[in-house]
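Okay, so the sequence shown: first residue is 1494 according to this note's numbering, each after it adds one. Each residue gets a CB set at the ideal place from its N, CA and C atoms; glycine is no exception.
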Amino acid sequence: MDAYEIVLEYFKNQEEPVNAGKVVEGTGVERKEVDKIMKKMKTEEVIISPKRCYWSFNK
């Protein structure tokens, strides 16, 4: 499983919005890689931001 899929699964399993730091802790993926993946997910509208600096899976 590549890093994108790992981060995607992490977002799907979270009930509350999380910030990038929590994603790094929960997945073990490096921070720079998480930032790149989250940027891609934002443009694809896979994740949304219900409040500043926190993201959740767009169901």
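By the three-class DSSP mapping on this structure, what secondary structure does residue i have?
i	result
residue 1567	An answer regarding residue 1567 cannot be provided, because it is not within the stretch 1494 to 1552 covered by the chain.
residue 1529	helix
residue 1544	strand
residue 1517	helix
residue 1539	coil
Whose C-alpha, out of the options, is nearest the C-alpha of residue i?
i	options	result
residue 1549	1529, 1511 and 1524	1511
Going straight from the alpha carbon of residue i to that of residue j, what length do you get?
i	j	result
residue 1553	residue 1540	As displayed, the chain neither begins before 1494 nor continues past 1552, which places residue 1553 out of reach and without an answer.
residue 1502	residue 1495	11 Å
residue 1526	residue 1538	18 Å
Skipping 5 residues on each side, what residues in its chain have a beta carbon closer than 7 Å to that of residue i?
i	result
residue 1499	1520 and 1522
residue 1530	1496, 1497 and 1500
Leaving out five residues on either side along the sequence, give the residues of the same chain with a beta carbon under 6 Å from the beta carbon of residue i.
i	result
residue 1507	none
residue 1524	1517
Residues in the same chain with beta-carbon distance under 8 Å from residue i, minus the five sequence neighbours each way, listed in chain order, please.
i	result
residue 1504	1511, 1516, 1534, 1539, 1540, 1548, 1549 and 1550
residue 1543	1510 and 1549
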